[in-house]
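Chains A and B, in that order, are what the protein sequence lines are.
All letters in the first sequence, in the order written, are residues 7 to 310 by the numbering used here.
All letters in the second sequence, in the order written, are residues 7 to 310 by the numbering used here.
Cβ coordinates follow ideal geometry from the N, Cα and C atoms, glycine included.
2 protein chains.
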Amino acid sequence: MTDTVVSSDRKEVVIGFERPFCVIGERINPTGRKLLMEEMKKGDYSRVEADAVAQVEAGANMLDINAGIPLADEPAILAETIKLVQGLVDVPLSIDSSIVAALESGLSVYKGKALVNSVTGEDERLEEVLPLIKKYGAAVVAISNDETGISEDPDMRFEVARKIVERAADFGIPASDIVVDPLVMPVGAVNKAGASVFRLIRRLHDELKVNTTCGASNISFGLPNRHGMNASFLSMAIGAGMTSAIMNPLHEEEMTGIRGADVMMGRDPDCMRWIKKYREPAAPVEAGAGGSRRDREGRRRRRA
Amino acid sequence: MTDTVVSSDRKEVVIGFERPFCVIGERINPTGRKLLMEEMKKGDYSRVEADAVAQVEAGANMLDINAGIPLADEPAILAETIKLVQGLVDVPLSIDSSIVAALESGLSVYKGKALVNSVTGEDERLEEVLPLIKKYGAAVVAISNDETGISEDPDMRFEVARKIVERAADFGIPASDIVVDPLVMPVGAVNKAGASVFRLIRRLHDELKVNTTCGASNISFGLPNRHGMNASFLSMAIGAGMTSAIMNPLHEEEMTGIRGADVMMGRDPDCMRWIKKYREPAAPVEAGAGGSRRDREGRRRRRA
Chain A
7 MTDTVVSSDR KEVVIGFERP FCVIGERINP TGRKLLMEEM KKGDYSRVEA DAVAQVEAGA
67 NMLDINAGIP LADEPAILAE TIKLVQGLVD VPLSIDSSIV AALESGLSVY KGKALVNSVT
127 GEDERLEEVL PLIKKYGAAV VAISNDETGI SEDPDMRFEV ARKIVERAAD FGIPASDIVV
187 DPLVMPVGAV NKAGASVFRL IRRLHDELKV NTTCGASNIS FGLPNRHGMN ASFLSMAIGA
247 GMTSAIMNPL HEEEMTGIRG ADVMMGRDPD CMRWIKKYRE PAAPVEAGAG GSRRDREGRR
307 RRRA
Chain B
7 MTDTVVSSDR KEVVIGFERP FCVIGERINP TGRKLLMEEM KKGDYSRVEA DAVAQVEAGA
67 NMLDINAGIP LADEPAILAE TIKLVQGLVD VPLSIDSSIV AALESGLSVY KGKALVNSVT
127 GEDERLEEVL PLIKKYGAAV VAISNDETGI SEDPDMRFEV ARKIVERAAD FGIPASDIVV
187 DPLVMPVGAV NKAGASVFRL IRRLHDELKV NTTCGASNIS FGLPNRHGMN ASFLSMAIGA
247 GMTSAIMNPL HEEEMTGIRG ADVMMGRDPD CMRWIKKYRE PAAPVEAGAG GSRRDREGRR
307 RRRA
């Protein structure tokens, strides 16, 4: 049973084997969002603010913050974004960059214990990122690829994760502060991607005893009905032992898949969170003949 | 790797470890359907016929047939219903009754290799039902309860299943002709019901090496948003090794959970069934400004 504790200055969140699944909101990331990118570059953070609030309202337990903008001062923009978001919402943040100077800049302004996203199994990255994790007392996402790339063999990826955990221990970082990303491949390209990643998640849970996360929507890349597939993937990944995901909490199907899986795993005592979310509203007193559409659907569902 | 082969006179269906999930349509069952009950009692099978066709069109791979009507001639009605349904659709049937004489009556008119639903671990039931299974060369659903009732301990239920498999072997019935129902309890009443049944399904798959089925909607009894919860349950149960379920194939959310899980388990080669089901229709050529609602949703989904 492993708990990874992260925090803001006002709130502690635990990613853990016996905890409700941890949803890390992915929206504050200019990659592929041209408008957001231009705004952040100009110092306009209105969309960042709206995205922060909307994601937390939708149920995000943490937010990922990425400021990867080509030819911009990423360390400065990342720090600025973190300060702003921490002033607005109380959930802990994941500091997301491929540039080590940006990670350090973000960590230097962050209040609480952050999750750093990410380090890979490449020796050079490990030597650069792990000292920062130790210095700031942070937790870190460990991506299970290395100099040789991403192996299609889940057991090879397991060995990369084990190497990162061992190297971190050399720096005095406990395994409980490492959240492994097993790397989710698109099932439309790699037909065994689902089965492979479940096997890997199970080994990471049972043998390496670490928490796990992933970019959940990767699984459905290029396929129709992505939300339906993501929801099914998330339920199954939680069944296999996955404890968090970086994802869009505004997508209701995916969130239902997660809430259902939390119930199934016995992590929603007496189904109270499920019932609170989905219980039928009381029938409106002044409804016209036949009631509102919502009311009709409510009745239909009760008969199901 | 275990295959349970069932058939009609025109079609073979295999429930198996490496096969797409087998959906057994549950609708032809008068329990709790007063109108259907009265009609079947009077010899009016129009609703049975409509239900048979609709379920197969919705994706049922088999149909369960139950004629449990109090104070009626169940053996005669069950046989009549089976003959009628076999004339109408080509999927194999599950012959469902708690009355042994009705099971025999159904088996005597059935064309092909039926699935008999069900036998329990009670000695008296085993002595009555197993000879019938052997005589007609059928497969059978084995429910994991016995004289002592339904244990809340999944390991006790495993032992009941093992007993049924051993007793069946005494009658010359192979384990591959036994589909174990691990018994799904409502998670609203038994908070550990999900985790328990996944553990049991995994043991039945890995140790006893038998196929499994269940009444899937039991899991969500008494809770709101039953379809969302059932979908999540089905995906996770498939991940744990469940190979069929008795359920309503007209419910889209549940079917999406199953199709997604089949993709995840690598049982939908190149995602062809998923893509065929969910691919976007071509944009209509003569759509007005803004296109149809369906078209707008299509575009939104493509951006997701």
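For a cut-off of 8 angstroms, the C-beta gap from A/Gly228 to A/Gly194 is around 4 angstroms, short enough to register as a contact.
Put simply, the backbone Cα of A/Ala251 is about 22 angstroms away from that of B/Gly272. When CB distances to chain B are screened at a threshold of 7 angstroms, the residues of the stretch 267-289 of chain A falling below it are Ala267, Val269, Met270, Met271, Gly272, Pro275, Asp276, Cys277, Trp280, Ile281, Tyr284, Arg285, Glu286, in chain order. In the three-state DSSP reduction, B/Glu24 falls in the coil class, being neither helix nor strand.
Looking from the CA of B/Glu165, the closest CA among B/Arg209, B/Gly112, B/Pro180 belongs to B/Arg209. With contacts defined as CB atoms closer than 8 angstroms, B/Gly127 and B/Asp152 qualify as a contacting pair. Check the Cα spacing between B/Ala82 and each of B/Val59, B/Ala108, B/His211, B/Arg265: the tightest is with B/Ala108. No Cβ-Cβ contact shorter than 8 angstroms links A/Ala58 with A/Leu256.
Around the C-beta of A/Leu132, 16 or more other C-beta atoms lie within 10 Å, and the residue is accordingly described as buried. By the 16-neighbour rule on beta-carbons within 10 angstroms, B/Ser226 is buried. Judged by DSSP secondary structure, A/Val203 falls within the alpha helix (DSSP H) whose first and last residues are 199-209.
For B/Asp70, the pairing in a beta bridge is given by DSSP as B/Ser100. Collapsing the DSSP output to three states places B/Ser226 in a helix.
At the C-beta level, B/Ser14 and B/Pro98 come within 8 angstroms of one another. For A/Val12, the closest C-alpha among the options A/Ile101, A/Arg39, A/Asp129 is that of A/Ile101.
In this structure, B/Lys215 lies near B/Thr8, with their beta-carbon atoms less than 8 angstroms apart. Judged by beta-carbon spacing, A/Ala148 lies within the 8 angstroms limit of A/Ile184, meaning their Cβ atoms are closer than that value. Across the stretch 226-240 of chain B, CB contacts with chain A closer than 8 angstroms involve Leu229, Pro230, Asn231, Arg232, His233, Gly234, Met235, Ala237, Ser238, Phe239, in sequence order along the chain. Closer than 7 angstroms at the C-beta level to chain B, one finds these residues of the stretch 191-209 of chain A: Val193, Gly194, Asn197, Lys198, Gly200, Ala201, Phe204.
Contact of B/Thr262 with chain A is assigned, a C-beta pair being separated by under 8 angstroms. If you compare the alpha carbons of A/Lys140, A/Met46, A/Ser52 with that of A/Ala120, the shortest gap goes to A/Lys140.
DSSP places B/Asp212 in the helix class (H, G or I) of the three-state scheme. Beta-bridge annotation (DSSP): A/Ile252 is paired with A/Ile30, A/Gly221. Beta-bridge annotation (DSSP): B/Ile184 is paired with B/Val146.
Excluding residues up to 5 positions away in sequence, Ser241, Ile244 lie with their Cβ nearer than 6 angstroms to the Cβ of B/Ala267 in the same chain.
When C-alpha distances from A/Glu18 are compared across A/Asn67, A/Lys282, A/Val146, the shortest belongs to A/Asn67. Nearest to B/Arg53 by alpha-carbon distance, out of B/Val190, B/Leu90, B/Asn197, is B/Leu90. The beta-bridge partner set that DSSP reports for A/Glu18 consists of A/Ser13. Cα atoms of A/Val122 and B/Leu189: separation of roughly 44 angstroms, rounded to the nearest angstrom.
Spanning the alpha carbons of B/Gly247 and B/Lys282 requires a straight line of approximately 25 angstroms. Of the candidates B/Ala237, B/Val186, B/Ala199, the residue whose Cα lies closest to the Cα of A/Gly263 is B/Ala237. With a threshold of 8 angstroms between beta carbons, A/Gly245 makes contact with chain B. For B/Thr249, the closest C-alpha among the options B/Phe204, B/Pro192, B/Glu258, B/Asp276 is that of B/Phe204. One thing to note: B/Pro192 has its Cβ within 8 angstroms of the Cβ of B/Asn224. Below the 7 angstroms Cβ cutoff, chain A contributes Ser241, Met242, Gly245, Ala267, Met270 as neighbours of B/Met242, in chain order. A/Thr218 and A/Ala56 have their C-alpha atoms spaced approximately 28 angstroms apart.
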